[in-house]
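Taken in order, these protein sequences are the chains called F and G. Note that the UniProt record's numbering numbers the first sequence so that position 193 is 193, with each residue one more than the last. Note that the UniProt record's numbering numbers the second sequence so that position 125 is 125, with each residue one more than the last. Note that CB positions come from ideal geometry on N, CA and C, so glycine has one too. This structure is a prediction, so every number in the text was calculated from the model and none was measured.
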Amino acid sequence: MTADRLPATAKRGWSLYDPRLAWLLVAPAALLLICFMILPIVVMGIYTFYTFVTAGVEEASLTVANWHEFFTDSYYHGFLLKTLRVGMVTALICAVVGYFPAYFIWATAFRQKWLLLLLLIVPFWISFTIRTFSWIHILGEQGLINVWAMKLGLIEAPMQMLYTEGAVIMGLLHFLLPYMILNIYVSLEGIDRTLVQAARSMGCTNAQAFREVTLPLSLPGLAAGLMLCFVLAAGSYVTPQLLGSGRDALFGNLIYDTIMGQLNWPMGATLSIVLFFILGSVAAIYTRFMGMSQIVKGLGG
Amino acid sequence: MSRPRRKSWSSEGRLAWALTRIITLLVYIFMFAPIVATVVLSFNASQFGGFPMTGFSLRWYEVLWQNARVIEAFQISLWIALVTAVVTTLLGIVTAFALVRFDFLGKSILGTVVILPALVPETILGVGLLILIKAIETPRSLGILVLGHILLALPYVVLIAQARMVGVKRIYEEAAMSLGASRLATFRAITLPLLLPAVVAGALLAFTISFDNTSASLFWRPAGVETMPTQILSMLKTSISPEVNALGTVMIVMTVGIPLIGGILVQVVSRLKKRTTRETAK
Numbered sequence: 001m002t003a004d005r006l007p008a009t010a011k012r013g014w015s016l017y018d019p020r021l022a023w024l025l026v027a028p029a030a031l032l033l034i035c036f037m038i039l040p041i042v043v044m045g046i047y048t049f050y051t052f053v054t055a056g057v058e059e060a061s062l063t064v065a066n067w068h069e070f071f072t073d074s075y076y077h078g079f080l081l082k083t084l085r086v087g088m089v090t091a092l093i094c095a096v097v098g099y100f101p102a103y104f105i106w107a108t109a110f111r112q113k114w115l116l117l118l119l120l121i122v123p124f125w126i127s128f129t130i131r132t133f134s135w136i137h138i139l140g141e142q143g144l145i146n147v148w149a150m151k152l153g154l155i156e157a158p159m160q161m162l163y164t165e166g167a168v169i170m171g172l173l174h175f176l177l178p179y180m181i182l183n184i185y186v187s188l189e190g191i192d193r194t195l196v197q198a199a200r201s202m203g204c205t206n207a208q209a210f211r212e213v214t215l216p217l218s219l220p221g222l223a224a225g226l227m228l229c230f231v232l233a234a235g236s237y238v239t240p241q242l243l244g245s246g247r248d249a250l251f252g253n254l255i256y257d258t259i260m261g262q263l264n265w266p267m268g269a270t271l272s273i274v275l276f277f278i279l280g281s282v283a284a285i286y287t288r289f290m291g292m293s294q295i296v297k298g299l300g301g
Numbered sequence: 001m002s003r004p005r006r007k008s009w010s011s012e013g014r015l016a017w018a019l020t021r022i023i024t025l026l027v028y029i030f031m032f033a034p035i036v037a038t039v040v041l042s043f044n045a046s047q048f049g050g051f052p053m054t055g056f057s058l059r060w061y062e063v064l065w066q067n068a069r070v071i072e073a074f075q076i077s078l079w080i081a082l083v084t085a086v087v088t089t090l091l092g093i094v095t096a097f098a099l100v101r102f103d104f105l106g107k108s109i110l111g112t113v114v115i116l117p118a119l120v121p122e123t124i125l126g127v128g129l130l131i132l133i134k135a136i137e138t139p140r141s142l143g144i145l146v147l148g149h150i151l152l153a154l155p156y157v158v159l160i161a162q163a164r165m166v167g168v169k170r171i172y173e174e175a176a177m178s179l180g181a182s183r184l185a186t187f188r189a190i191t192l193p194l195l196l197p198a199v200v201a202g203a204l205l206a207f208t209i210s211f212d213n214t215s216a217s218l219f220w221r222p223a224g225v226e227t228m229p230t231q232i233l234s235m236l237k238t239s240i241s242p243e244v245n246a247l248g249t250v251m252i253v254m255t256v257g258i259p260l261i262g263g264i265l266v267q268v269v270s271r272l273k274k275r276t277t278r279e280t281a282k
């Protein structure tokens with residue numbers, strides 16, 4: 001049956017799957033995306049050329065002073081390098097540690113697999129702020145580790161674990177591991193299991209079958225997880241704020257302080273655009289090679 | 001399960017599998033230990049927020065209950081999240097419907113752009129919108145905060161609805177329309193019921209995303225307004241008090257309890273429906 005022969009569609013002369021109707025349907029969402037995401041980023045780009053007068057005041061006279069300051073002041077470069085390093089370290093640890101649970105959930109003969117998957121989704125429901133500050137109970141001076149270690153006589157005075165870069169990475173791992181595990185798992189689930197059996201029947205050991213078949217076929221999920229973890233870690237604000245000291249602040253904190261603290265809007269806009277371009281190009285390089293579909297699967301799953 | 005039989009495993013393979021199990025267990029402990037610690041400590045009688053436990057007490061819940069600012073923040077977050085959930089679900093379902101069923105100019109661009117709010121760091125979205133409303137000299141308002149939350153939740157609802165929509169064959173809709181049903185009636189009677197699981201899942205997710213949002217809310221909230229997460233952040237500025245633990249526990253029970261109960265209800269209802277249709281078929 002062709003679409004345009006349907007009686008209900010005859011009115012107003014629109015065909016059943018008329019593009020005009022589609023535009024009407026997507027108009028509200030498109031409008032929201034334009035007004036609240038695209039336009040703000042464009043305006044932010046223009047704002048980077050505004051002149052900063054004093055806290056909260058800027059002039060619309062165009063200047064490259066903000067960009068000059070960013071490119072010459074090593075203060076900003078330090079934050080940028082640290083942010084990229086923390087992001088990369090977090091993503092790599094996530095990949096290495098996260099592969100095991102993903103593989104386990106895929107390969108286990110355990111019937112209640114859904115329970116293991118549900119337990120990975122439950123953290124997404126718990127407030128991110130709460131999940132982050134709960135680490136203070138583990139790493140803090142009155143935290144689980146210090147209190148027990150002192151009780152057992154292992155240490156004399158509490159160890160300083162909180163408000164360090166390690167604590168920030170720990171908090172980021174806690175936040176990002178479920179993303180990584182789910183991404184790898186989705187990828188593993190897509191593997192035809194008979195391929196592994198075939199490799200085994202051809203004389204591969206389990207280790208060889210894993211190395212030659214399973215691992216390469218799960219790489220798309222691993223890559224999507226790495227990209228997602230890096231971008232989310234490098235863009236984080238709350239985790240360094242709660243678990244790091246001032247020295248462990250990341251680029252997100254720098255942006256927040258520049259705008260909300262110093263009220264230097266043009267510089268804040270410049271820093272935001274820098275972060276946007278760096279993370280955007282990481283995502284662009286990724287999609288150039290892998291396409292969007294894997295991230296979509298990971299986010300939607 | 002098509003995994004190779006355990007017996008045929010080499011000792012190396014067994015070792016690897018044992019390692020996998022141990023690391024998996026450790027990861028799950030890692031995921032939940034801090035949360036359990038927070039819940040346990042909320043019942044601590046001590047006036048400090050940390051270990052050791054000095055006794056069981058509910059007094060921090062009482063203190064929390066009398067904290068007017070917390071109650072106010074809670075109510076504001078609840079309203080914002082409810083409005084966000086309803087609007088985002090409507091918006092997301094309609095957008096996903098158009099993206100799956102129609103072919104139109106700009107479809108692939110929209111399909112990509114609609115996912116971006118989930119990928120662009122919140123700090124950037126936060127600053128951007130703030131600069132825009134400063135540039136057009138509009139004060140921050142609750143309306144803008146809600147619209148911002150809708151933007152942040154939209155990708156997830158669209159993705160969930162799209163995934164479900166692909167599984168709903170357009171033949172059903174076309175059949176209804178060829179029998180004389182209007183578009184709207186068709187959508188209500190055919191498409192929407194088949195999409196119900198996605199609608200419920202999308203609404204719940206949108207609710208939690210809004211209720212949980214911290215970074216962007218810090219930028220967008222009107223002066224003097226605290227949402228639940230920003231209220232928690234400001235309470236943490238001094239030190240970690242047992243009251244914050246109690247607040248955290250209440251939030252955990254809510255945000256984990258509501259989707260769990262919702263999910264179970266959907267399961268029960270669909271099972272009951274199946275049973276009744278089977279019985280009437282007899």
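Can you determine whether any heavy atom of the ligand FAD sits closer than 7 Å to the C-beta of residue i, and answer yes or no?
{"i": "Met-165/G", "result": "Of the ligands one can find in the structure shown there are none, so the ligand FAD has no counterpart to examine."}
Within the same chain, show all residues whose beta-carbon is closer than 6 Å to that of residue i, passing over the 5 residues directly before and after it, in chain order.
{"i": "Leu-139/F", "result": "Met-161, Leu-162 and Ala-167"}
{"i": "Ala-81/G", "result": "Phe-207, Ser-210 and Phe-211"}
{"i": "Arg-211/F", "result": "none"}
{"i": "Met-235/G", "result": "Val-244"}
{"i": "Glu-165/F", "result": "Asp-248"}
Going along the chain, which residues of its own chain have a beta-carbon closer than 7 Å to the beta-carbon of residue i, five neighbours each way excluded?
{"i": "Thr-83/F", "result": "Ala-234, Leu-250 and Phe-251"}
{"i": "residue 302/F", "result": "Within the shown structure, residues of chain F are numbered from 1 to 301, placing residue 302/F beyond reach of any answer."}
{"i": "Tyr-256/F", "result": "Tyr-237"}
{"i": "Ala-8/F", "result": "Note that Ala-8/F scores a pLDDT of 47, beneath 50, so its modelled location is shaky and nothing firm can be said."}
{"i": "Gly-203/F", "result": "none"}
For residue i, I'd like the list of residues in its chain whose CB is within less than 8 Å of its CB, leaving aside the five on either flank, ordered along the chain.
{"i": "Gly-98/F", "result": "Leu-177, Met-180, Ile-181, Ile-184 and Gly-225"}
{"i": "Thr-48/F", "result": "Asn-66, Trp-67, Pro-266, Ala-269, Thr-270 and Ile-273"}
{"i": "Gly-45/F", "result": "Ala-269 and Ile-273"}
{"i": "Leu-152/G", "result": "Pro-117, Ala-118, Glu-122, Leu-125, Ile-209, Ser-210, Asn-213 and Ala-216"}
{"i": "Arg-20/F", "result": "Trp-14"}
{"i": "Lys-113/F", "result": "Ile-105"}
CB residue i to CB residue j, shorter than 8 Å?
{"i": "Leu-204/G", "j": "Gly-262/G", "result": "yes"}
{"i": "Asp-126/G", "j": "Ala-161/G", "result": "Reading off the sequence, residue 126/G comes out as Gly, not Asp. No. Outside cutoff."}
{"i": "Thr-95/G", "j": "Leu-25/F", "result": "yes"}
{"i": "Asn-245/G", "j": "Thr-38/G", "result": "yes"}
{"i": "Ser-127/F", "j": "Met-251/G", "result": "yes"}
{"i": "Ile-131/G", "j": "Val-43/F", "result": "yes"}
{"i": "Leu-145/G", "j": "Val-168/G", "result": "no"}
{"i": "Phe-133/F", "j": "Leu-242/F", "result": "yes"}
{"i": "Ile-169/F", "j": "Val-57/F", "result": "no"}
Given that a residue counts as buried once 16 or more other Cβ atoms are within 10 Å of its Cβ, and exposed if not, what is residue i?
{"i": "Leu-16/F", "result": "buried"}
{"i": "Asp-212/G", "result": "buried"}
{"i": "Ala-91/F", "result": "buried"}
{"i": "Leu-272/G", "result": "exposed"}
{"i": "Arg-14/G", "result": "exposed"}
{"i": "Leu-19/G", "result": "exposed"}
{"i": "Glu-173/G", "result": "buried"}
{"i": "Pro-240/F", "result": "buried"}
{"i": "Gln-231/G", "result": "buried"}
{"i": "Asp-248/F", "result": "buried"}
{"i": "Tyr-75/F", "result": "exposed"}
{"i": "Ser-77/G", "result": "buried"}
{"i": "Val-96/F", "result": "exposed"}
{"i": "Leu-265/G", "result": "exposed"}
{"i": "Phe-175/F", "result": "buried"}
{"i": "Ala-284/F", "result": "exposed"}
Give me the residue from the options with the minimum Cα distance to residue i.
{"i": "Ser-236/F", "options": "Val-244/G, Leu-119/G, Trp-65/G and Ala-16/G", "result": "Leu-119/G"}
{"i": "Thr-129/F", "options": "Thr-276/G, Ala-175/G, Leu-145/G and Pro-34/G", "result": "Pro-34/G"}
{"i": "Phe-70/F", "options": "Phe-277/F, Tyr-286/F, Met-267/F and Ile-285/F", "result": "Met-267/F"}
{"i": "Tyr-103/F", "options": "Phe-124/F, Val-186/F, Leu-243/F and Leu-33/F", "result": "Val-186/F"}
{"i": "Val-200/G", "options": "Arg-59/G, Tyr-156/G, Leu-26/G and Leu-105/G", "result": "Tyr-156/G"}
{"i": "Lys-237/G", "options": "Ile-136/F, Ala-95/F and Trp-125/F", "result": "Ile-136/F"}
{"i": "Gly-87/F", "options": "Leu-154/G, Pro-121/G and Leu-78/G", "result": "Pro-121/G"}
{"i": "Ala-163/G", "options": "Trp-220/G, Ala-189/G, Glu-137/G and Ala-198/G", "result": "Ala-198/G"}
{"i": "Leu-41/G", "options": "Leu-58/G, Ile-29/G and Gln-75/G", "result": "Leu-58/G"}
{"i": "Met-37/F", "options": "Gly-106/G, Leu-105/G and Val-113/G", "result": "Val-113/G"}
{"i": "Val-36/G", "options": "Phe-51/G, Ser-182/G, Thr-84/G and Leu-218/G", "result": "Phe-51/G"}
{"i": "Leu-117/F", "options": "Glu-141/F, Ala-29/F and Pro-101/F", "result": "Pro-101/F"}
Taking contact to mean 3 or more Cβ pairs, one atom from each stretch, closer than 8 Å, check whether the segment 211 to 227 of chain G and the segment 68 to 82 of chain G are in contact.
yes
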